[in-house]
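The next block holds one structure in the form of structure tokens; read it before the comments.
In full-length UniProt numbering, the protein residues as written are 1 to 147.
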């Protein structure tokens, strides 16, 4: 877990399999919730609210980054701020709506984990559209169930 371990605490020990139940690894939580979950924050009703309020509070903070590839080697990170991501998300959301996907509709997002995928998901969240993740690892024959 590297340097991130200082931000988590173990709240339950690992359990061996018993009585037909499978084994289970230890349970970790954020150090801020080690004694239980905090009370819900007023105004946070959805994933979109979490993102929107983060944009309001931290517009100039770095949010999504990718590594620049130089001569086939990973270079420095290139970052988008919360505000830059928000602006893209809003445009993508309106583009999805212009294709006829209404609030409560479904939108399949196909791709690998990358900043564009996250922005596509947030675009769906912004418009009350159900995001259906379609990963390349699923294989083409598995997509037929998502009509």
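Cβ coordinates follow ideal geometry from the N, Cα and C atoms, glycine included.
Since this is a predicted model, take the numbers as computed values, not measurements.
Item	Value
Alpha carbon to alpha carbon, how far is residue 28 from residue 8?	6 Å
Could you tell me the alpha carbon to alpha carbon distance between residue 1 and residue 52, rounded to whole angstroms?	Any reading at residue 1 must be qualified, since the residue scores a pLDDT of 47, below 50, and its modelled position is unreliable; no value is offered.
Sorted by chain position, which residues of the same chain lie with C-beta nearer than 8 Å to residue 17's C-beta, five sequence neighbours on each side aside?	23
Between the C-alpha atoms of residue 107 and residue 49, what's the straight-line distance to the nearest angstrom?	20 Å
How about residue 53: is its C-beta nearer than 9 Å to some C-beta of chain B?	No chain B appears in the structure shown, which is made up of a single protein chain.
Between which residues of its own chain and residue 26 is the CB-CB distance below 7 Å, once the five residues before and five after are set aside?	10, 12, 13 and 14
On a Cα-Cα basis, can you pick out the residue from 87, 137 and 133 that is closest to residue 56?	87
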